[in-house]
Amino acid sequence: MVKEKKSKDDNLFKFIGKRIREKRKELKVSQGTIADLLDISDTQIFKFETGESKIALDYLFKLADFFHADINYFFPENEKITHFSAISQLEKRIVSIKKIYSYNDENLIDSVNNCIDSIQQTILKKQQKQKERRDAKPDKNNN
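Under UniProt numbering, the first residue of the sequence shown is numbered 1, with each subsequent residue one higher.
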């Protein structure tokens, strides 16, 4: 089951990368220009385009804006983002967190890191409980 999810994720990110490359070439934009926009290396852009690396959502929003494209351009039909308000809120929070880090205020950064750690722990606990519930269910094929 984990392998199936990984394969689905890999395929999704390869599709996203292909769409980035197609749009970039259509607009005759170099990987270097995109790298400068996102403040990352040309090599990282290549890795995004080949699906070797997973692109962060905030980068994808920046690319959509730069390309004057709807965010759904990058996704296959069955993966379209339909919860724009949730995505928009997430994007705003990511930008806010980046601003906090840019202030170099140790107390603010520690507070943000503590919040993120707390959220991660909560998610891990929920995932563990879900796994335990799945493992506790009898396998219908073995009965």
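Glycine included, C-beta positions come from ideal geometry on N, C-alpha and C.
Asked                                                                                                                                                   : Found
Quick check on DSSP: helix, strand or coil for residue 135?                                                                                             : helix
Does DSSP put residue 103 in a helix, in a strand, or in coil?                                                                                          : coil
Counting only the same chain and skipping the five closest in sequence on each side, list residues whose C-beta sits under 7 Å from that of residue 62. : 37 and 38
Under the assumption that residue 19 contacts residue 74 (Cβ atoms under 8 Å), give the Cβ distance between them as a whole number of angstroms.        : 5 Å
Within 10 angstroms of its Cβ, does residue 24 collect 16 or more other Cβ (buried), or is it exposed?                                                  : buried
May I ask you to report which of helix, strand or coil DSSP gives residue 95?                                                                           : helix
Have a look at residue 15 and residue 49 and give me their C-alpha separation to the nearest angstrom.                                                  : 9 Å
Please classify residue 2: is it buried, with 16 or more other beta-carbons within 10 angstroms of its beta-carbon, or exposed?                         : In this prediction, residue 2 has a pLDDT of 46, which is less than 50 and means its spatial position is unreliable; what the coordinates show is noted afterwards. With fewer than 16 Cβ atoms within 10 Å of its Cβ, residue 2 is classed as exposed.
Could you tell me the distance, in whole angstroms, from the CA atom of residue 129 to the CA atom of residue 137?                                      : 13 Å
To the nearest whole angstrom, what separates the beta carbons of residue 112 and residue 97, a pair I think is in contact under 8 Å?                   : 6 Å
Have a look at residue 57 and residue 93 and give me their C-alpha separation to the nearest angstrom.                                                  : 12 Å
Mark residue 32 as exposed unless 16 or more other C-beta atoms lie within 10 angstroms of its C-beta, in which case mark it buried.                    : exposed
Any idea what DSSP makes of residue 51, helix, strand or coil?                                                                                          : coil
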